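Following: one structure in structure tokens, then a few remarks.
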Amino acid sequence: LQVLRGHTKSVGGVTTFVVNGDARVVSCGDDETVRVWAIDGGDALHVLRGHTDYVNDVTTFVMNDDPRVASCSLDKTIRLWDPIGGTQLFLIRLDVECFALCVVGQILVAGHQDGTLSYWDLL
Numbered sequence: 001l002q003v004l005r006g007h008t009k010s011v012g013g014v015t016t017f018v019v020n021g022d023a024r025v026v027s028c029g030d031d032e033t034v035r036v037w038a039i040d041g042g043d044a045l046h047v048l049r050g051h052t053d054y055v056n057d058v059t060t061f062v063m064n065d066d067p068r069v070a071s072c073s074l075d076k077t078i079r080l081w082d083p084i085g086g087t088q089l090f091l092i093r094l095d096v097e098c099f100a101l102c103v104v105g106q107i108l109v110a111g112h113q114d115g116t117l118s119y120w121d122l123l
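Per this note's numbering, the very first residue in the sequence shown carries number 1; after that it's consecutive.
Have a look at this one:
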């Protein structure tokens, strides 16, 4: 059993991606952070900060051959990240809290606390 430690509160979502043959884990949590980990353990490669409330979900996708991460939060934002460089690329402000994310092709879909879904073309 291997354990990745770093979040200071509950972990809300976990996903993975591969870059140059190396597996990475992405996690989000109630500590308002998104973390990128090497699968072999140790400290987080990046701690992505910007959300101001619990981060509920993360998803990964590829854009222009580069891995990307999307995260959603109770702060009514979705943030797009470069998990290799550890930087925020884009911010989507919402009118409702976001609880779930997925990507289908180049479409980002979000599920909200009011029972609605919204989506964006990532191109």
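Ideal Cβ placement from N, Cα and C applies to all residues, glycine included.
All of these numbers come straight from a predicted model, not from anything done at the bench.
DSSP places T16 in the strand class (E or B) of the three-state scheme.
Measuring C-alpha to C-alpha distances from H51 to each of A23, G42, S73 identifies S73 as the nearest.
Scanning the segment 28-100 for uninterrupted beta strand (DSSP E) segments of 3 residues or longer gives 33-38, 46-49, 55-63, 66-73, 77-82, 87-93, listed from N- to C-terminal end.
Per DSSP, reduced to three states, the secondary structure at R24 is strand.
Between the beta-carbon of L80 and that of R93 there is about 13 Å, and that puts the pair past the 8 Å contact cut. The closest CA to that of V104, considering only S71, V11, G29, Y119, is found on Y119.
The DSSP-derived three-state label of G111 is strand. For L117, the enclosing beta strand (DSSP E) has its first and last residue at 117-121. In this structure, the straight-line span from the alpha carbon of D43 to that of L117 is close to 35 Å. DSSP places V103 within a strand segment (E or B) once states are collapsed to three. Between V55 and N64, the alpha-carbon positions lie close to 26 Å from each other.
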